[in-house]
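Okay, structure first, notes after.
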Amino acid sequence: MDRFRMIFQYFQSNSESVMNGICGLLALASVKMYTCFDFSCPCLPWYNMAYGLGIMFVPPVALFLCGLILNRQSLVMLEEWRRPQGRRKKDLAVIRYMCSSVMQRAMVAPVVWIIVTLLDGKCLICAFSGSVDPKKFVGFANASLVQVQQLLAKVPCKDDELMRNNTSRKTVSRYLRCWSQALGWSILLILIIAAFLARWLRPCFNQATLLQARHWSNYIDIEQKIFEETCCEHSRLSAHKCILHFFESMRQEIKLHSFSLPREGEGAEGKEDLLQGITDQDQVNKLLKMWYYEKPPLDVSQV
Amino acid sequence: MDKFRMIFQFLQSNQESFMNGICGIMALASAQMYSVFDFSCPCLPLYNQAYGLGILLVPPFILFLLGFVLNNNISMLAEEWRRPQGQRGKDQAVLRYMFCSMAQRAMIAPVVWVSVTLLDGKCITCAFCTSVPVETLGNTSHPGLSQGEMKRVLARIPCKEIYDGQELIANEVAVRYLRCISQALGWCFVLLMTTLAFLVRSLRPCFTQAAFLKSRYWSHYIDIERKLFDETCAEHARSFAKVCIQQFFEGMSTDLAAAHCHPPRKAPADVGEAAEKLLGITDQGTMNMALKSWHRCKPPLHLHLPALPSGNGWAGEGQPPAHPPVPRRETAAYYSWV
Numbered sequence: 001m002d003r004f005r006m007i008f009q010y011f012q013s014n015s016e017s018v019m020n021g022i023c024g025l026l027a028l029a030s031v032k033m034y035t036c037f038d039f040s041c042p043c044l045p046w047y048n049m050a051y052g053l054g055i056m057f058v059p060p061v062a063l064f065l066c067g068l069i070l071n072r073q074s075l076v077m078l079e080e081w082r083r084p085q086g087r088r089k090k091d092l093a094v095i096r097y098m099c100s101s102v103m104q105r106a107m108v109a110p111v112v113w114i115i116v117t118l119l120d121g122k123c124l125i126c127a128f129s130g131s132v133d134p135k136k137f138v139g140f141a142n143a144s145l146v147q148v149q150q151l152l153a154k155v156p157c158k159d160d161e162l163m164r165n166n167t168s169r170k171t172v173s174r175y176l177r178c179w180s181q182a183l184g185w186s187i188l189l190i191l192i193i194a195a196f197l198a199r200w201l202r203p204c205f206n207q208a209t210l211l212q213a214r215h216w217s218n219y220i221d222i223e224q225k226i227f228e229e230t231c232c233e234h235s236r237l238s239a240h241k242c243i244l245h246f247f248e249s250m251r252q253e254i255k256l257h258s259f260s261l262p263r264e265g266e267g268a269e270g271k272e273d274l275l276q277g278i279t280d281q282d283q284v285n286k287l288l289k290m291w292y293y294e295k296p297p298l299d300v301s302q303v
Numbered sequence: 001m002d003k004f005r006m007i008f009q010f011l012q013s014n015q016e017s018f019m020n021g022i023c024g025i026m027a028l029a030s031a032q033m034y035s036v037f038d039f040s041c042p043c044l045p046l047y048n049q050a051y052g053l054g055i056l057l058v059p060p061f062i063l064f065l066l067g068f069v070l071n072n073n074i075s076m077l078a079e080e081w082r083r084p085q086g087q088r089g090k091d092q093a094v095l096r097y098m099f100c101s102m103a104q105r106a107m108i109a110p111v112v113w114v115s116v117t118l119l120d121g122k123c124i125t126c127a128f129c130t131s132v133p134v135e136t137l138g139n140t141s142h143p144g145l146s147q148g149e150m151k152r153v154l155a156r157i158p159c160k161e162i163y164d165g166q167e168l169i170a171n172e173v174a175v176r177y178l179r180c181i182s183q184a185l186g187w188c189f190v191l192l193m194t195t196l197a198f199l200v201r202s203l204r205p206c207f208t209q210a211a212f213l214k215s216r217y218w219s220h221y222i223d224i225e226r227k228l229f230d231e232t233c234a235e236h237a238r239s240f241a242k243v244c245i246q247q248f249f250e251g252m253s254t255d256l257a258a259a260h261c262h263p264p265r266k267a268p269a270d271v272g273e274a275a276e277k278l279l280g281i282t283d284q285g286t287m288n289m290a291l292k293s294w295h296r297c298k299p300p301l302h303l304h305l306p307a308l309p310s311g312n313g314w315a316g317e318g319q320p321p322a323h324p325p326v327p328r329r330e331t332a333a334y335y336s337w338v
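Top line first, the protein sequences correspond to chains A and B.
Be aware that the first sequence starts at 1, since it is given in the UniProt record's numbering, and climbs by one per residue.
Be aware that the second sequence starts at 1, since it is given in the UniProt record's numbering, and climbs by one per residue.
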């Protein structure tokens with residue numbers, strides 16, 4: 001338990017670490033999902049391709065959307081993009097930086113699914129067993145066209161009576177698996193080369209702009225968190241004051257009838273300063289609306 | 001539990017230790033990946049070589065590049081290499097040290113993959129089964145097959161269940177032969193790598209120890225400086241946000257006071273503390289200038305000790321001024337005790 005707490009604390013230390021942690025968890029979840037999923041090829045001529053390609057491409061789309069949903073920064077980016085300009089200019093470089101960082105993290109789990117699928121081979125064998133050239137394989141060269149299609153469609157099903165001890169089935173299966181694994185490793189190689197070039201070459205272009213974009217995107221995130229904390233604190237104090245006021249008014253009513261209760265202490269007064277003079281629902285609503293429509297300028301020099 | 005925490009803290013203590021941890025994890029992951037990977041030789045004449053050699057060589061290359069990608073120092077190296085000289089000279093020896101140390105760590109996982117692959121034997125068996133010497137190992141009195149037909153039969157050696165050349169050459173004999181060669185290659189490779197590593201480690205102190213100590217120090221310094229800069233920027237952003245939000249609330253309060261005629265409140269005490277942490281940078285333009293200047297013109301490696309009080313609150317070490325002075329041409333002043 002302690003171990004998890006330490007790992008958790010390490011990842012909480014800043015929000016980029018949190019996002020990296022979520023991204024890693026989604027990737028592991030995607031591998032686990034694939035191993036738990038019971039792939040069962042239909043072994044019928046048109047259904048095979050639909051099933052095989054469906055299993056290869058539909059879960060990655062779902063994982064990509066999950067990656068966007070679970071990433072807090074995507075909401076922050078959308079808000080920054082859509083807010084009215086007000087007194088604070090919008091910097092497109094910051095929005096672009098946030099968008100690209102969100103997309104990169106969301107792409108990891110789908111890519112892991114596709115690569116694991118290709119390296120395993122079952123999807124491609126199922127989808128393309130009907131598309132191999134039957135003349136290359138001894139057992140299928142001498143059958144009529146329709147029969148060949150039926151037989152090839154049954155290749156992924158080892159337990160079918162026609163296919164149980166058929167050596168040509170094993171040949172076709174190995175052939176397709178070889179292509180599938182080669183494709184998987186090639187995609188992985190291309191992605192790693194792209195990641196390597198991106199990390200190596202990025203400081204060569206516009207490093208100053210990158211430092212600025214990263215700083216302000218971090219700032220927007222922190223500002224949002226601190227605003228939420230301040231609002232929470234404010235609402236807590238408002239609620240406290242409201243309830244005290246209610247009890248006070250009850251007490252005054254009782255006092256009118258019975259003349260014997262002592263005065264309440266002055267403890268609540270000190271907290272009023274923190275309410276900043278914003279003390280009713282309309283004022284709070286106005287403040288929240290103002291925060292959205294007209295964010296303050298990035299200039300605190302009148303401190 | 002304490003032991004785990006100590007190990008974790010030790011690995012976090014600097015980037016090099018952290019990278020050693022990652023490097024160890026990648027080596028284990030590489031062995032695990034090989035055992036999980038379902039090696040399935042195609043058993044067709046030309047495909048065998050491509051598949052076998054591909055599995056032997058492509059994943060190590062991927063693991064090597066991954067070792068670089070996961071290493072945060074790579075962007076530090078590229079940044080240090082490409083930054084404008086500014087007031088701080090560049091030292092090629094430091095860049096070379098950083099690159100060599102990254103490359104050495106990135107080599108470990110690929111070496112593990114290649115060793116495990118060779119010692120297991122499936123890749124070499126798959127790639128070279130068509131080159132087995134049939135004259136010495138097989139049955140030479142078998143009726144002659146054409147070249148193509150023989151290759152097709154030999155290509156099926158790795159696939160026991162579809163092998164049909166038992167009269168030509170026994171499957172077991174061929175597989176043992178190929179596996180023996182593969183394991184011999186594997187052990188020679190392991191021996192070669194360990195010898196190289198031993199030579200690199202033991203010969204270095206004999207030749208370039210002084211230069212090595214300097215390069216290592218300054219490369220650690222650059223790493224720590226970058227981390228501290230990022231932490232300072234994050235702290236600054238936090239204080240900036242606190243003050244900005246406080247002023248927003250106050251601004252609203254003042255507007256409401258003007259509408260309802262009661263006096264505005266004064267700022268609570270902790271905002272004063274946040275304001276001090278702003279280090280004099282109080283608007284977006286100044287912050288952007290500070291960040292640009294950090295990249296374009298890093299401060300010289302020469303600390304100004306606070307001997308005299310100065311009026312503008314910049315009596316600290318090496319802080320980038322908001323408007324950088326004309327850069328002086330300064331060669332790297334790395335002092336050495338040797």
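Heads up, the beta-carbon is just placed ideally off N, CA and C, and yes, glycines get one too.
Separation of the CB atoms of residue 154 of chain B and residue 130 of chain B is rounded to 5 Å, and the pair is thereby assigned contact status at 8 Å.
Taking each of A:125, A:109, A:296 in turn and checking the Cα distance to residue 27 of chain A, the smallest one comes out for A:109.
Residue 283 of chain B carries a strand assignment under DSSP once its states are collapsed to helix, strand and coil. In the DSSP annotation of this structure, the continuous segment of the alpha helix (DSSP H) that includes residue 104 of chain B starts and ends at 92–120. Closer than 8 Å to the CB of residue 166 of chain B there is not a single CB belonging to chain A. Of all residues in the segment 29–51 of chain A, none is placed with a Cβ closer than 9 Å to any Cβ belonging to chain B. Judged by beta-carbon spacing, residue 194 of chain A lies beyond the 8 Å limit of residue 54 of chain B, meaning their Cβ atoms are not closer than that value. Secondary structure of residue 159 of chain A (DSSP, three-state): coil.
When B:35, B:194, B:115, B:234 are compared, the shortest CA-CA separation from residue 183 of chain B is found for B:115. Distance from the CA atom of residue 199 of chain B to the CA atom of residue 187 of chain B, rounded to whole angstroms, is 18 Å. Of all residues in the segment 39–68 of chain B, the ones placed with a Cβ closer than 8 Å to any Cβ belonging to chain A are 40, 41, 42, 43, 44, 47, 50, 51, 54, 55, 58, 59, 61, 62, 65, 66, 68, in chain order.
The three-state reading of DSSP puts residue 38 of chain A in coil, since its state is none of H, G, I, E or B.
A straight-line Cα-Cα distance of about 18 Å links residue 63 of chain A and residue 38 of chain A.
Counted as a single uninterrupted DSSP element, the alpha helix (DSSP H) harbouring residue 200 of chain A occupies residues 167–201. Its chain contains 97 as the residues whose beta carbon lies nearer than 7 Å to that of residue 214 of chain A, once the 5 sequence neighbours on both sides are disregarded; these appear in chain order. Neighbours of residue 242 of chain A across chain B, judged by C-beta separation under 9 Å, do not exist; the nearest C-beta is about 18 Å away. Among the residues facing chain B, residue 218 of chain A is included, as its CB has a counterpart in that chain under 8 Å away. Residue 194 of chain B: member of the alpha helix (DSSP H) spanning 171–207, first to last residue. With distances taken between CA atoms, residue 69 of chain A lies nearest to A:106 out of A:92, A:44, A:106. Look at residue 299 of chain A here: in three-state DSSP terms it is strand. In this structure, residue 290 of chain B and residue 222 of chain A do not form a Cβ contact; the two beta carbons are roughly 17 Å apart against a cut-off of 8 Å. For residue 85 of chain B, the three-state secondary structure derived from DSSP is coil.
Not a single C-beta of chain A is nearer than 8 Å to the C-beta of residue 87 of chain B. The Cβ atoms of residue 155 of chain A and residue 172 of chain A lie closer than 8 Å to each other. Contact annotation for residue 215 of chain A against chain B: 233, 237, 287, 291 [CB-CB distance below 8 Å, chain order]. Three or more Cβ pairs closer than 8 Å define a contact, and the segment 13–31 of chain B falls short of that threshold against the segment 77–92 of chain B. Within the model, the alpha-carbon separation for residue 100 of chain A versus residue 15 of chain A is close to 16 Å.
Contact of residue 128 of chain B with chain A is not assigned, every C-beta pair being separated by 8 Å or more. Using beta-carbon distances, residue 156 of chain A does not count as an interface residue toward chain B, since no partner is under 8 Å. Put simply, the segment 107–123 of chain B touches the segment 48–63 of chain B. At least three CB pairs are less than 8 Å apart.
By the Cβ test, the segment 46–60 of chain A is in contact with the segment 120–134 of chain A, since at least three Cβ pairs between them sit closer than 8 Å. A direct Cα-to-Cα measurement between residue 129 of chain A and residue 85 of chain A gives close to 57 Å.
Close to residue 204 of chain A, with beta-carbon spacing below 8 Å, are these residues of chain B in chain order: 78, 82. In terms of beta-carbon proximity, residue 100 of chain B stays away from the interface with chain A, with every pair separated by 8 Å or more.
In the DSSP assignment, residue 80 of chain A falls within the unbroken alpha helix (DSSP H) covering 72–82. For residue 84 of chain A, the closest Cβ of chain B is not nearer than 8 Å.
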